[in-house]
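Please read the structure below before turning to the comments.
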Amino acid sequence: MTNTNMARAQLEPGESAIIEFNDVNKWYGDFHVLKNINFSIKKGERIVVCGPSGSGKSTMTRCINRLEEHQKGSILVDGIEMNNNLKNIEAIRKDVGMVFQHFNLFPHLTILENLTLAPIWVRKMPKKEAEEMAMHYLERVKIANQALKYPGQLSGGQQQRVAIARGLCMQPRIMLFDEPTSALDPEMIKEVLDTMVQLAEEGMTMVCVTHEMGFAKTVADRVVFMDAGEIVEANEPHEFFDNPQHDRTQMFLSQILNH
Amino acid sequence: MTNTNMARAQLEPGESAIIEFNDVNKWYGDFHVLKNINFSIKKGERIVVCGPSGSGKSTMTRCINRLEEHQKGSILVDGIEMNNNLKNIEAIRKDVGMVFQHFNLFPHLTILENLTLAPIWVRKMPKKEAEEMAMHYLERVKIANQALKYPGQLSGGQQQRVAIARGLCMQPRIMLFDEPTSALDPEMIKEVLDTMVQLAEEGMTMVCVTHEMGFAKTVADRVVFMDAGEIVEANEPHEFFDNPQHDRTQMFLSQILNH
Amino acid sequence: MAIEFKPSPSLPPPSTAVGPVAWVRQNLFSSPLNVFLTLFSIYIIYLLVPPIIEWGIINATWEGASKAECTAGGACWAFINVYFEQFMYGLYPSEETWRINLAVILIVLLIGMFAIKAINKLFLSLTILLVYPVVAYFLFAGGVFGLEVVETSRWGGLFLTVLLGVVGIAASFPLGALLALGRRSNMPVAKSVSLVFIETIRAVPLITILFMASVMIPLFLPEGLNFNKLLRVLIGITLFSSAYMAEVIRGGLQAIPKGQYEAADAMGLTYWQSMVLVILPQALKLVIPGIVNSFISLFKDTTLVYIVGMFDFLGRIQAANHDTNWLGTTVEGYAFAALVYWIFCFGMSRYSMALERKLDTGHKRN
Amino acid sequence: GTLDDVKAKGFVQCGVSQGVPGFSNADDKGNWTGIDVDACRAVAAAIFGDAQKVKFTPLSAKERFTALQSGEIDILSRNTTWTYTRDVSLGLDFTATNFYDGQGFMVRKDLGVESAMDLDGATVCTEQGTTTELNMADFFRKHNMSYVPVVVQKADEAVSAYDSGRCDVYTTDKSGLAAHRTKLKNPSNNIILPETISKEPLGPVVRHGDNQWKDLVTWVMYVQVNAEEMGITSKNVAKIKADAKDPGIRRLLGAEGNMGQDLGLNADWAYNVIAEVGNYGEEFERNLGKDTALNLPRAINNLWNNGGIMYAPPVR
Amino acid sequence: MSNIKNTPSNKSFLNDAGNRSLIFQIVLLAVVVFVGYYLFSNLQANLENRGISTGFSFLNEPAGFPILIHLVSYTESSTYGRAFLVALINTFVISLLGIILATIIGVVMGLARLSKNWLVARLATVYIETMRNIPLLLQMFFWYFAVLAALPVPRNSYEFADFLLNKRGIYSPNPIAQDGFGLVIVGFIVSIALAIGLIVWAKKRQTRTGLWFPAYWSSLGIILAVTFLFFAAAGFPLEFDLPQKSRFNVTGGMVLPPEFVAVLVALSTYTGAFIAEIVRAGILSVNWGQTEAARSLGLRDSMTQRLIVLPQALRVIIPPLTSQYLNLAKNSSLGAAIAYPELVAVIMGTTLNQTGQAIETIGLCMLVYGSLSLSISLFMNWYNKKMSLIER
Ligand SMILES: Nc1ncnc2c1ncn2[C@@H]1O[C@H](COP(=O)(O)OP(=O)(O)OP(=O)(O)O)[C@@H](O)[C@H]1O
Ligand SMILES: Nc1ncnc2c1ncn2[C@@H]1O[C@H](COP(=O)(O)OP(=O)(O)OP(=O)(O)O)[C@@H](O)[C@H]1O
Ligand SMILES: [Mg+2]
Ligand SMILES: [Mg+2]
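Residue numbers (the numbering used here), protein chains in the order written: chain A, -7 to 251; chain B, -7 to 251; chain C, 6 to 371; chain D, 14 to 329; chain E, 4 to 395.
The structure is reproduced here in structure tokens:
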């Protein structure tokens, strides 16, 4: 399958991949949801994952910080192998921030508390320092003035930006986004995408499941297309959009671009 | 008020209206919801009622089969006057079928049972005959293969078509539709409108509250526009759409046609 | 040129639609059946209300030293009057009852302090949950700071009833939370232990559990190790209500969206950190009305301790009914008990409903 | 053993009734009086030299044995009848008898019943979990009479049920009848029928298997009976201890020898019992005698040499 | 291939999630087993030290005590096992009757609370709020002691026809079958068969012609009429033993003792109030649109309720109703407090007292309540499944 060559990062000599999937397989009961995923990302890369519903995009992303367990193959994040070892999992989760479709902010905590929770309890940071850092990231997502409100008092777009700031507060080396804009109104989508573009420009390693093709064209280093649990095609954006190899990809693109 | 002249059906000599509203007034508590409604429909006519939210469209329609009581004026359906007389109400409800926005199918009964319930219990039809008739109408709404399923197992559009078939099973002389498509997805709207158009072509007397202006243009004999509990304007569709008399009507049309 | 549309003025509704006459017609006499029902209801009210008022108020006797002085033919409230202190405090020495009152005032003040913004809520909660019980215990039992020792066998009356209810709920809370977590856990042993415990307790009547607590616990302990009956009954009540509490809390846990668990995991919180910091605070807020309802049932159920020989509020009233001076005041005693229980339970149930409404709108899910 | 536990905790835990005047009854301040209460106080006096070192646990009839078995109480002194089954298979040991009783019936005068033999068809109230329940059954069965049993959970409620007219007859030990009659709305309208249908030796009970404790409780009772026989009362005991020449009395009161040793008590334990609680006769008169509401005659509870059957083994 | 940076320092046995949960579970199991063993060994030692007999052999010994209410034959010389059976039946009977009555009260009060008649709705609310907020035990005491005190002595019984009401209970004539009563039973069976036939026929006819026949009412009529005919033909072979006032009591007739009535009334009025709220919530949970749809099809209000609203409301009603039934069954144990001879009274009361075997008697009671609860909830789960809606 020549067209999945691009699923592996093009590494300079001496450079090593920050995320590496080797022959990863996963089943839900009998259902084979990830099939032989081979895939790697190098530091600073920005990957967009797309594909039809149910194709396993979320599942693959969630394997990276072991919200899901895989059953075969190996996943290495920053050189650490994913297995049942709790220390490893902890170490990786510190390094990987995640932003969910439905934000999943903690409604009983203020914005500031949402952001400082993990730094204080996981990174054992002094409270003051954690708050300063939190305010820094809130400013970066342009929402510092809301710090003392509760999530329920913010709009969806604002909430998602808080969720991004919360991910950043762990000062992760990698950020995962699982359809971060699909629960939002069109005008809020823009707010959030702007924030993400800014992050991308700062050189953060990002894996982003999204169907915002504009975003993909602007910032992605590679676009990965999945279907039925497989990586069908992976390529640089202009190649991917202008010259899709696979008929499945062509069909998919024709649908979402016309929409 | 010249522009509501058209609210009364143009009767041939000797012909009589099948529905007649004479100076009908209705209050909810202190709230004057229908004001001096004068309005009639002749057999086989197809009326579309439109107007802004809260203008009293549903209330007026529901007065026709006395789901609501009016307090002043008189309503005659098929020559029978609406009053507290239970026999009259029963007689009228047998003659008037109704389709609701939210379908209101009976979830504990199969589709077939939904359709045969009234024929068996109200019309005292033999069960077998009722089922045959039900299958006939189910075929007409193109859904006969679902007869033994439960409403919860059907899509919204299918449910609404079942609701129409259920109304038809009483073999009513008049069908009322209260925004039958507004709870549906765009593709399902088409399914349902198709069914309604077909009914209209067969000559059924219909009163339909809807904002589907395409439907109105295609099948309506007259369009009635209501606001603030009054009939503001009533006219034939081409007149109504191309040459609205009232500024209120113009404003309303400009809004929904731009949409 | 378009015609201007001016809505016609709204007219006042006809008198048949609004006003007292219409109201009476619609609500009382709308159909022959309703006329009958209305007349029937009026008849029932006529049968019940005037005699009760006559007995309970008009012909009642409020003061007196024995039943013999109740000659008016109505209720003999003098009985309640004389025994009031015993009903409230049991046999607690009357010169020491200030200690109970003080404890009540203290807790009211402490809870009232939640309204003050400047106070650290966590600190206050910890005070109420950890410090106050100790203070209250020593106030009640005595034996320190020169307070006279008061045997638990002298504790009784409404004091004991409230004590059993409050301690039962408070103590069953942590246990119930553990059981709920256990029942939702994916570890088979933890799950089945919690499940068996919860379902066994819920299957049997409280009275058998009280009976076990009052007579059987000592059989299971080594000889010589034994503790106070009140404590044993409290253990029984706590175990009982913790099973119900577990189910209430489980309901709350189930209502928390899965995303919250995932978000906590993704941040690297451990199981216990995510439970304590993220899940439980949300779940508990959701289950407060459920807890209040459990408290109401428990409060009513504490009357059963009477069957195992403790003189709670109802028990004291029953006992006083046998005072030779006051024979024949059974109905007054029960009426008084019913009134007190009713006020407590009804008040709390209204409170829980109000709370439910408040939390319903206040807790937006996302 | 129990004695060590009692000494360690500093008081005797005594199971009593929930209110039988003359036997064990609390006033509205919670002070206990009665002959069963005095039995416990005497034990406390023997151990601690202080009759107040007792705590009381009121028990219903059906709870009492379990409470004793489980160790919740040290002595059960709750007008409990000594029977074969209870002694042999319930894990109980009966000590001495402090009241010889027998079961009787109480009826309302206006029924016109003179004898228990007229009770055919009557409705009978009694308390649950007592020998009374069984005796009643045996009595009616023996005389081939029918009856309707209403077995109520607590004595007080059984009396209420009788008083409210649920039953024609209330049955329990005769002393209990006398005691409960004082609690009726109109005591004089009720009579106690002459028949005694059972033997009811009542006395303190302890757990089976602790012989030292059983001996202690038994002999505290016997000492009181012996004291009455010897004419020693709480009033004159101090004087007698000082003056007595009789070596038997001197030994008894601890003026010489150390009779308490084997029981694990001080030499003056018997002295303390008599001084603090009194002899048996005093106890009886104080709680049940002529000057009380019960007004019971000594009858068979008199000393053996006064026409009764109170006969205590000698203290030697 | 990139270099795999293994981190051996983290590879410890304890850090493995699977191992951790395994260890935790082993520890938990050990604690449970140990505590169980500790309690059990204490128990054994205590029983031995105190000479308390163990085992269930007492069930075969004569009980010696009387029981007021027994639906199977029981005398003082019956065994404890028999007494247990009697108590068990008493518990079952009171629970079953209580459930039936409470359901009726609950449905009536729940509907009354929804009544359009303001006064009726208010009265029902007062009833519900009063009953729910007063402890059941207190209500039992009230129905027993306070009401008992207000009733007349047997001599002055209230009389209605051959029925008597006094402090000793409610008396009614006791029917005694004479020779030839077998014929009446035959007649009854025949009438039932006829009624079933009628119902089947009516259904068939409806399917054929669409005409309805009031089959249920007429079959009731048939049962009564046919049975009566046979009764007359056999020469009225039934005599009544009428209650007679005698010296103490009332003799003859059938009697419902006050203990039974008080427990039944208290249980059913108390639980009925809870059921009323459940019924109300269930009916309100059915969308108003369903009623409107039914009406617009021309169904009469009574049919709308029967065919549309109630079947859907039941779905919502049944789970909480189940727990109320369970509560009622458990609460019947409070009857012990007012001399109703149910399980707790007879087994944990008298039997425990005569035999001293706390473990066995309390164990028996818990077993019975456990299985009672289990069977009610199994039945309800089955019913619930049957009623639940089929969804996509
Ligand atoms: N917990 C689960 N148990 C069983 N099957 C699951 C589970 N979670 C997901 N699946 C199935 O796995 C497949 C892949 O799911 P996944 O959520 O990864 O898809 P996706 O590509 O993210 O789709 P979408 O665009 O709808 O989010 C789907 O068919 C889904 O039904
Ligand atoms: N049961 C009721 N009690 C009081 N007011 C009511 C009631 N039902 C409807 N109304 C009010 O009567 C007015 C007319 O209602 P109606 O439902 O007939 O409007 P409509 O024209 O159908 O609006 P929509 O397009 O939103 O369905 C509204 O202002 C509504 O709030
Ligand atoms: Mg997804
Ligand atoms: Mg409408």
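The C-beta atom is built at its ideal place from N, Cα and C for all residues, glycine as well.
Everything numeric in this text was worked out from a predicted model, so none of it was measured.
Check                                                                                                                                                                           : Outcome
I'd like the ranges of any alpha helix (DSSP H) spanning at least 4 consecutive residues and lying wholly in the region 167 to 210 of chain A.                                  : 178 to 193
What is the chain-ordered set of residues for which the beta carbon lies under 5 Å from any non-hydrogen atom of ligand 1?                                                      : A:Tyr20, A:Val25, A:Ser45, A:Gly46, A:Ser47, A:Gly48, A:Lys49, A:Ser50, A:Thr51
Assuming contact is defined by CB atoms lying nearer than 7 Å, are Gly161 (chain C) and Phe349 (chain C) in contact in what I supplied?                                         : no
Show which residues of chain D have a CB atom less than 9 Å away from the CB atom of Ser158 (chain C).                                                                          : Gly43, Lys68, Phe69, Thr70, Pro71
CA-CA distance, Glu68 (chain C) and Trp82 (chain C)?                                                                                                                            : 7 Å
If contacts are defined as beta-carbon pairs under 8 Å, then Val229 (chain E) and Ser194 (chain E) qualify, I think. What distance do you get, rounded to the angstrom?         : 4 Å
Does the region 304 to 316 of chain E come close enough to the region 94 to 102 of chain B that 3 or more CB-CB pairs lie under 8 Å?                                            : yes
Strictly below 8 Å CB to CB, what residues from chain D border Val313 (chain C)?                                                                                                : Glu76
Who does Phe304 (chain C) pair with in a DSSP beta bridge?                                                                                                                      : Beta-bridge pairing links Phe304 (chain C) to no other residue.
In angstroms with no decimal places, state the Cα-to-Cα distance between Leu114 (chain C) and Phe128 (chain C).                                                                 : 15 Å
Quick one: give me the first and last residue of the alpha helix (DSSP H) that Tyr142 (chain A) is part of.                                                                     : It is not in any alpha helix (DSSP H) - Tyr142 (chain A) carries neither H nor E in the DSSP assignment.
Just checking: is the beta-carbon of Asn30 (chain A) within a distance shorter than 7 Å of some beta-carbon in chain E?                                                         : no
To be precise: take each residue of the region 24 to 55 of chain E, compare its Cβ to all Cβ atoms of chain F, and keep it if any distance is under 7 Å. Which residues remain? : In the displayed structure, chain F is absent; the protein chains listed are A, B, C, D and E.
Any Cβ of chain E within less than 7 Å of the Cβ of Leu78 (chain A)?                                                                                                            : yes
Identify each residue in the region 100 to 128 of chain B for which the Cβ-Cβ distance to at least one residue of chain E is less than 8 Å, and report them in chain order.     : His100, Leu109, Ala110, Ile112, Trp113, Val114, Arg115, Lys116, Met117, Pro118, Lys119, Lys120, Glu121, Ala122
So, using beta-carbon positions, are Gly109 (chain E) and Leu270 (chain E) closer together than 7 Å?                                                                            : no
Have a look at the DSSP bridge pairing and note the partners of Ala135 (chain D).                                                                                               : D:Tyr160
Step through the CB atoms of chain C and report whether any lies within less than 7 Å of the CB of Ala269 (chain E).                                                            : no
For chain C, find out if any of its Cβ atoms is closer than 7 Å to the Cβ of Asp106 (chain D); answer yes or no.                                                                : no
May I ask you to verify whether the region 114 to 128 of chain D touches the region 202 to 215 of chain D, counting CB pairs closer than 8 Å and requiring at least 3?          : yes
Quick check on DSSP: helix, strand or coil for Arg189 (chain C)?                                                                                                                : helix
Taking only beta-carbon atoms, is Ile192 (chain E) less than 7 Å away from chain A?                                                                                             : no
Chain E partners of Arg85 (chain B), CB-CB under 9 Å?                                                                                                                           : Arg298, Ser299, Leu300, Gly301, Leu302
Can you tell which of E:Ser288, E:Arg303, E:Val266 has its C-alpha closest to the C-alpha of Ile97 (chain E)?                                                                   : E:Val266
Suppose contacts are defined by Cβ-Cβ distances below 7 Å. Is Glu45 (chain B) in contact with Ala9 (chain B) by that definition?                                                : Looking at the sequence provided, one finds Ser at residue 45 (chain B) rather than Glu. Against a cut-off of 7 Å, the Cβ pair of Ala9 (chain B) and Ser45 (chain B) comes out as no contact.
If contacts are defined as beta-carbon pairs under 8 Å, then Ala66 (chain E) and Tyr83 (chain E) qualify, I think. What distance do you get, rounded to the angstrom?           : 5 Å
Assuming Arg165 (chain B) and Thr197 (chain B) form a contact by the criterion Cβ under 8 Å, report the distance between their Cβ atoms to the nearest whole angstrom.          : 6 Å
So, is Ser219 (chain C) buried or exposed, given that buried needs 16 or more other C-beta atoms within 10 angstroms?                                                           : buried
Pull out every residue of the region 127 to 155 of chain E whose Cβ sits closer than 7 Å to any Cβ of chain D, in chain order.                                                  : Phe148, Leu151, Ala152
Quick one: what's Ser32 (chain A) bridged to in DSSP?                                                                                                                           : A:Glu12
Where does Thr102 (chain C) fall in DSSP's three states?                                                                                                                        : coil
Helix, strand or coil for Asp259 (chain D)? Go by DSSP, reduced to three states.                                                                                                : coil
Cβ atoms of Ala57 (chain D) and Val25 (chain D): under 7 Å apart, would you say?                                                                                                : yes
Looking at the structure shown, is Arg115 (chain B) part of a helix, part of a strand, or coil, going by DSSP?                                                                  : coil
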